[in-house]
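> For the sequence shown, the tail end lands on 276 under our numbering, and the numbers increase by one without skipping.
Just so you know, even glycine gets a beta-carbon here, dropped at the ideal spot from N, CA and C.
Computed from a predicted structure; not experimentally measured.
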Amino acid sequence: MKNSLLVHKHLIIRAEAVKPPTDEEQLQHWMREFIESINMKVFMGPYVKYCSMPGNRGITAIAIIETSHIAMHIWDEPKPALMQLDVYSCGDFSPNDICSKIMKDFDIHKIEYKYLNRET
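The following block contains the structure:
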């Protein structure tokens with residue numbers, strides 16, 4: 157049965173960031189601003205934690221939004237840093253706007269993404 161009210165959009169980004177966030181408060185602030193900029197609403201979070209384990213060092217953030225979730229993982233040992241961003245929403249958003257924002261905010265060296273538009 158098709159639900160005409162909901163969409164299912166999934167954006168998966170892999171990027172190399174020259175200026176990644178490395179501070180928990182900085183990333184938490186960025187996530188809140190980012191969610192607002194794509195016209196989404198935070199339900200819980202964003203929760204942010206830095207991991208200092210060698211080989212897996214970096215920062216992770218996740219937020220539950222009104223229409224699903226957003227997660228970001230940044231490994232800061234490689235230069236440039238490896239960044240993964242996952243945006244899943246039952247609301248509409250622009251993949252180009254999201255890519256442009258992270259490119260500007262984190263001085264992205266390289267970016268690749270997959271965009272899945274799943275019908276209900």
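Could you work out which residue in G247, P236, I221 and H166 is closest to D263 when comparing CA atoms only?
Considering only alpha carbons, the answer is P236.
> Would DSSP call M157 helix, strand or coil?
Per-residue confidence for M157 stands at a pLDDT of 46, beneath the threshold of 50, marking its modelled position as unreliable; the derived number appears in the next sentence. Three-state DSSP puts M157 in coil, outside helix and strand.
> For M239, report the span of its beta strand (DSSP E) as first-last.
A237 to S245
> Whole angstroms are fine: how far does the CA of E233 sit from the CA of M209?
10 Å
> Using DSSP bridges, identify the partner residues of L183.
The partner list for L183 (beta bridge, DSSP) is empty, contrary to what the question assumes.
> Would K165 be called buried (16 or more neighbouring beta carbons within 10 Å of its own) or exposed?
buried
> Using the Cβ count rule (16 or more neighbours within 10 Å means buried), how would you classify S245?
By the neighbour-count rule (16 or more Cβ atoms within 10 Å), S245 is buried.
> Apply the 10 Å Cβ neighbour rule to M228 and answer buried if 16 or more other Cβ atoms are within range, or exposed otherwise.
buried
> Please report the distance separating the alpha-carbon of A219 from that of D248.
17 Å
> Between which two residues does the beta strand (DSSP E) holding F199 run?
V198 to C207
> Give me, in chain order, the residues of the same chain whose beta-carbon lies closer than 7 Å to that of K266; leave out the 5 immediate sequence neighbours on both sides.
A171 and E172
> How big is the Cα-Cα spacing for E268 and S250?
15 Å
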